[in-house]
Amino acid sequence: MPDTTDQRIAFITGASRGIGRAIATRLAADGRCVVLCSRSEAPLNDLKAEIEANGGSASVRACDISDSASFAKAIEDTFSEFGRLDILVNNAGITRDNLLLRMSDEEWDDVINTNLRSVFVACRAAARPMMKGRFGRIVNIASTSGLVGNTGQANYAAAKSALTGFTKSVARELGSKNITANVIAPGFINTDMTKNLPEQVIEHVKGLVSTKRLGEPEDIAAAVAYVTSDDAGFLTGQTIAVDGGMTMC
Ligand code: NDP
0 MPDTTDQRIA
10 FITGASRGIG
20 RAIATRLAAD
30 GRCVVLCSRS
40 EAPLNDLKAE
50 IEANGGSASV
60 RACDISDSAS
70 FAKAIEDTFS
80 EFGRLDILVN
90 NAGITRDNLL
100 LRMSDEEWDD
110 VINTNLRSVF
120 VACRAAARPM
130 MKGRFGRIVN
140 IASTSGLVGN
150 TGQANYAAAK
160 SALTGFTKSV
170 ARELGSKNIT
180 ANVIAPGFIN
190 TDMTKNLPEQ
200 VIEHVKGLVS
210 TKRLGEPEDI
220 AAAVAYVTSD
230 DAGFLTGQTI
240 AVDGGMTMC
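What follows is the structure, encoded as structure tokens:
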């Protein structure tokens, strides 16, 4: 295993594909030791091998983040393994879209548990290790749906919107320990989550976006790289929309 003594340890959820994979790849390229988390283990092992082949450091912790006990344990085990936990990127998320009148309790609960409660569980588990290290960078990945709402996404928008108030509270509680907490709210990004959208929806979105293109996972990874850097110690409690200008007003 490579020597990680001088590397920041970064725990990233949803690293098996899409935005999380791009974040892990970017942070590893920037010299972080990345701890890769998602339910499926095989793609994490493939990504670990790819990162190591490029000279980086990576470790795999497969778990279901909606299972609070096993998710908290994955974070605690990371601290035990490396003796530090410097960066936490809560990126994993799901959609269970439906119109309000048709939305089931299960669709509501699945999204709230995976997209919101897991973030609380992770931040609570990571806070003490970060306080011990007197350094921490927390990034919670929300969505522009949480800023402006979206038809069919009452559950998803509620969870993503709640991340803003939650993250500001964490930023206030932990700021004096040199721990920052911020939200990044992506707009429409080319991933599995958006690949089945009808063509007319894609064209409509492109019309709303100043840059006239959908975002790429690497656009989000670049923002995460800055917000989690040592240089970003004075940036906290903020929600940064990385959306090609879609929600600017
Ligand atoms: P994808 O659907 O492509 O990937 C989701 C990732 O989350 C996968 O790695 C998946 O791995 C993991 N995941 C899902 N559920 C769980 C779980 N219960 N436990 C552990 N891991 C889980 O999504 P994106 O990359 O597009 O999205 C990433 C984040 O960005 C999400 O929070 C999403 O809400 C947000 N976002 C995305 C936008 C977009 O346009 N794509 C726009 C705005 C926000 P596995 O299935 O193996 O567990």
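Letter 106 of the sequence shown, counting from 1, is numbered 105 in numbering that gives the first Met the number 0, and no numbers are missing.
Ideal placement from N, C-alpha and C gives every residue a C-beta, glycine not left out.
Give me the Cα-Cα distance between M252 and A220, rounded to the nearest whole angstrom.
-> Residue 252 lies beyond the range of the chain shown here (0 to 248); nothing can be said about it.
CB-CB length for S142 against P185, believed under 8 Å | Residue mapping note: residue 142 aligns to position 143 of the sequence shown, counting from 1. Residue mapping note: residue 185 aligns to position 186 of the sequence shown, counting from 1. Confirmed, about 6 Å.
Between which two residues does the beta strand (DSSP E) containing S56 stretch?
-> Start at 1 with the first residue of the sequence shown, and residue 56 comes out as number 57. Element bounds for S56: S56 to V59.
Let me know if K47 comes out buried or exposed under the rule of 16 or more other beta-carbons within 10 Å of its beta-carbon.
-> Within the sequence shown, numbered from 1, the residue matching residue 47 stands at position 48. Label assigned to K47: buried.
Distance between A231 and A224 (C-alpha atoms, nearest Å) | In the sequence shown, residue 224 corresponds to position 225, counting from 1. In the sequence shown, residue 231 corresponds to position 232, counting from 1. Taking the straight line from one Cα to the other gives about 10 Å.
Would you call the CB atoms of G19 and N97 closer than 8 Å?
-> Locating residue 19 in the sequence shown gives position 20, where the first residue counts as 1. Locating residue 97 in the sequence shown gives position 98, where the first residue counts as 1. Not in contact: G19 and N97 (Cβ atoms no closer than 8 Å).
Using a threshold of 8 Å, state whether the C-beta atoms of S69 and C62 are closer than that.
-> Position 70 of the sequence shown, counted from the first residue, corresponds to residue 69. Position 63 of the sequence shown, counted from the first residue, corresponds to residue 62. Against a cut-off of 8 Å, the Cβ pair of C62 and S69 comes out as a contact.
Alpha carbon of I111 to alpha carbon of N139, nearest angstrom | Looking up residue 111 in the sequence shown gives position 112. Looking up residue 139 in the sequence shown gives position 140. If you take the alpha carbons of I111 and N139, they lie about 14 Å apart.
For R136, which beta-bridge partners are listed by DSSP?
-> As a working mapping, residue 136 is identified with position 137 in the sequence shown. Bridge partners of R136: I86 and T179.
Taking only heavy atoms of ligand 1 into account, decide whether any of them is closer than 7 Å to the Cβ of R116.
-> In the sequence shown, counting from the first residue as 1, residue 116 sits at position 117. No.
Could you check where the beta strand (DSSP E) with A14 kicks off and where it finishes?
-> Stepping through the sequence shown from its first residue, residue 14 is reached at position 15. Run containing A14: none; DSSP gives neither H nor E here.
Taking only the alpha-carbon atoms, compute the straight-line gap between S175 and E106 and give it to the nearest angstrom.
-> On the sequence shown, residue 175 is found 176 positions in, with the first residue counted as 1. On the sequence shown, residue 106 is found 107 positions in, with the first residue counted as 1. Roughly 38 Å between the two C-alpha positions.
M192 to R127, Cα distance in whole Å?
-> The residue you call residue 192 lines up with position 193 of the sequence shown. The residue you call residue 127 lines up with position 128 of the sequence shown. M192 and R127 have their alpha carbons spaced roughly 33 Å apart.
Which residues does DSSP pair with G214 in a beta bridge?
-> As a position in the sequence shown, residue 214 is number 215, starting the count at 1. Per DSSP, I188.
Heavy atom of ligand 1 less than 7 Å from the Cβ of P185, yes or no?
-> As a first step, residue 185 is located in the sequence shown; it is residue number 186 there, counting from the start. Checking every heavy atom of ligand 1 against the Cβ of P185, one is found closer than 7 Å.
What do you reckon, is the C-beta of C248 under 7 Å from a heavy atom of ligand 1?
-> For the purposes of this step, residue 248 is taken as residue 249 along the sequence shown, with counting starting at 1. Outside the cutoff, so no.
Entirely enclosed alpha helix (DSSP H) segments - the stretch 117–172, minimum 4 residues | 117–132 and 144–147
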